[in-house]
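Only one structure is covered here, and it is reproduced in the block below.
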Amino acid sequence: MSETLIITRKDNKIITAAFEENEMLQVSVEKIEAENILGNIYIGKVKNIIKNINAAFVEVEGKTMCYLPLDSNDNPIFTIPKKNKKIAVGDTIMVQIAKENVKTKAAYATTNFNFTGKYIVLTHGKCKIGISKKITSEEERERLKDILSSHKNENYGLIARTNCEGASLDQIEQEIKVFDALYENIIQFGVHKSRFTCIYHAPKTYVCNIRDGISDLLQEIVTDDDAICDEIKEYLNLYQREDLKKLRFYEDTNFGLNQLYGIETKLEKALQKQVWLKSGGTLVIEPTEALTVIDVNTGKAIKGKRNVQETFRKVNMEAAKEIAKQIRLRNLSGIILIDFIDLESNESKTDLLRFLNSLLKKDPIGTILVDMTALGLVEITRKKVRKPLHEQVKNSII
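Shown next, in the form of structure tokens:
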């Protein structure tokens with residue numbers, strides 16, 4: 001299995017889509033002139049502290065207000081040194097945007113900022129060594145632990161990402177060297193910047209998609225835009241030279257990437273409420289502000305069938321495969337509840353959960369199958385980072 005990352009410009013939008021052959025696996029849409037603050041580091045001012053939820057609200061550039069939980073941010077960097085580390089109203093501190101604002105919810109900030117690369121994550125405030133759970137070989141985990149431990153210090157920790165598996169010592173240490181220099185520069189000079197200043201701009205979304213892709217799966221990066229191609233080339237030269245050979249500029253002006261891959265048609269389909277299954281069953285996907293509900297229906301699948309429970313089992317298995325695909329494609333996150341068709345056999349229920357869990361583990365973003373509730377609903381949680389696809393598209397046309 002190999003993936004091709006397509007990056008193209010359409011009107012006022014940049015569309016980034018990952019394909020396996022002709023199937024779109026993942027897609028993101030961003031407005032060209034929109035300011036993406038996710039991952040940026042700012043000098044912010046603490047405007048208010050809400051004691052009953054133990055959180056602060058911090059103002060950053062553009063009068064943007066961010067939510068900062070205080071119980072998990074115990075190592076802040078103040079522009080004016082303090083005797084204690086307790087955050088108070090009026091303090092000027094360094095914060096990073098960890099989650100984008102979604103609808104009425106403010107952006108989520110942290111003082112435990114980090115720098116994410118292809119191989120490692122450098123973490124301020126959490127001075128530990130960590131290894132991706134997706135790296136299962138004990139021998140490889142020990143190798144990576146030894147490499148990272150040799151660079152451990154009292155200021156930051158290091159986490160080995162999935163791409164670290166099989167990476168050379170030189171590749172890993174080169175990235176650590178780059179981030180160490182970046183970290184020291186921000187610590188030394190960032191604190192002298194004025195309030196509300198952005199002191200670190202995170203890479204653009206399409207660059208992050210290149211960085212966060214599984215190296216062994218990403219076969220090709222294709223764009224038909226000169227400016228985007230130049231920016232990607234510059235990034236790869238600095239951080240991922242081994243992937244420069246994967247970058248290709250598509251030159252056919254008569255038949256663009258959008259038409260070649262049918263991106264807009266597939267994008268429209270990815271926003272539809274109903275998804276048809278080959279068996280005749282359907283999924284109904286309903287995102288709400290609090291959670292996402294997915295309902296599995298038999299539709300036409302049961303017509304003329306005698307063994308109803310066996311039909312239900314087959315439709316559920318097919319639905320599980322499509323649900324795992326749709327979660328990634330639509331970038332659904334937070335709490336996801338799935339109402340599968342009722343199964344009488346406990347063995348069938350166990351098989352269904354096991355199968356769904358095996359599919360969810362392949363998702364590049366942390367996704368956990370919690371359990372089946374007493375009401376028969378399957379509960380999933382998926383890490384929230386960027387906006388879901390329907391929100392991205394909505395924001396890009398405003």
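According to the numbering used here, the stretch in the sequence shown is residues 1 to 398, in order. Ideal Cβ placement from N, Cα and C applies to all residues, glycine included.
{"Asked": "8 Å Cβ cutoff met for I327 and V378", "Found": "no"}
{"Asked": "Assigned secondary structure, R354 (DSSP; H/G/I helix, E/B strand, else coil)", "Found": "helix"}
{"Asked": "Segment limits, beta strand (DSSP E) that includes C66", "Found": "64 to 69"}
{"Asked": "Per DSSP, the bridge partner or partners of M24", "Found": "F19"}
{"Asked": "3-residue-minimum beta strand (DSSP E) runs that sit fully inside the stretch 109 to 173, ordered along the chain", "Found": "114 to 116, 120 to 124, 129 to 131, 156 to 160"}
{"Asked": "Beta-ladder partner(s) of A56, from DSSP", "Found": "I49, L68"}
{"Asked": "Beta-carbon gap between T8 and I37 smaller than 8 Å", "Found": "no"}
{"Asked": "DSSP state of R248 mapped onto helix, strand, coil", "Found": "strand"}
{"Asked": "CB of S132 within 8 Å of CB of A160, strictly", "Found": "yes"}
{"Asked": "For K278, the first and last residue of its enclosing beta strand (DSSP E)", "Found": "Neither: K278 is in no beta strand (DSSP E) and is coded neither H nor E."}
{"Asked": "Start and end residues, beta strand (DSSP E) containing R9", "Found": "3 to 10"}
{"Asked": "Continuous alpha helix (DSSP H) assignments of at least 4 residues falling wholly in the stretch 196 to 224", "Found": "205 to 212"}
{"Asked": "Extent of the continuous beta strand (DSSP E) run through T373", "Found": "It is not in any beta strand (DSSP E) - T373 carries neither H nor E in the DSSP assignment."}
{"Asked": "Contact set for C66: own chain, Cβ-Cβ below 8 Å, skip 5 residues either direction", "Found": "G44, F57, V58, E59, V60, V95, I97, A106, A107, Y108, A109"}
{"Asked": "Where E35 falls: helix, strand or coil (DSSP)", "Found": "coil"}
{"Asked": "Three-way DSSP call (helix, strand, coil) for T253 in this model", "Found": "coil"}
{"Asked": "Three-state class that DSSP yields for V315 in the structure shown", "Found": "helix"}
{"Asked": "From F196, E154, S149, S348, residue whose alpha carbon lies closest to that of E173", "Found": "S149"}
{"Asked": "Neighbourhood of L158 by C-beta, 8 Å cutoff - its chain only, sequence neighbours within 5 removed", "Found": "I120, V121, L122, T123, I129, G130, L148, H151, K152, I176"}
{"Asked": "Best match in L244, N307, V27, I49 for proximity to S215 [C-alpha to C-alpha]", "Found": "L244"}
{"Asked": "N73 in three-state terms, based on DSSP", "Found": "coil"}
{"Asked": "Residue-level contact to chain D via CB, G157, 8 Å cutoff", "Found": "Going by chain labels, chain D is absent from the structure shown, which holds only one protein chain."}
{"Asked": "Alpha-carbon spacing of E347 relative to L353, whole angstroms", "Found": "10 Å"}
{"Asked": "Span separating the alpha-carbon of V385 from that of G213", "Found": "15 Å"}
{"Asked": "CB contact flag (L329, R382, <8 Å)", "Found": "no"}
{"Asked": "Outcome for E23 when other beta-carbon atoms lying within 10 angstroms are tallied against a minimum of 16", "Found": "exposed"}
{"Asked": "C-alpha gap between I398 and D11, whole angstroms", "Found": "Residue placement at I398 is poorly supported in this model, since its pLDDT is 46, which falls under 50; the coordinates are not used for a value here."}
{"Asked": "Beta-carbon separation (whole angstroms), L218 vs K246, contact threshold 8 Å", "Found": "7 Å"}
{"Asked": "Contact set for E310: own chain, Cβ-Cβ below 7 Å, skip 5 residues either direction", "Found": "none"}
{"Asked": "Classification of S407 by the beta-carbon crowding that lies within 10 angstroms, buried from 16 upward", "Found": "No answer is possible for residue 407: the residues shown for the chain start at 1 and end at 398."}
{"Asked": "Proximity to N258 [Cα-Cα], best of E3, I14, R241", "Found": "I14"}
{"Asked": "Assigned secondary structure, R330 (DSSP; H/G/I helix, E/B strand, else coil)", "Found": "coil"}
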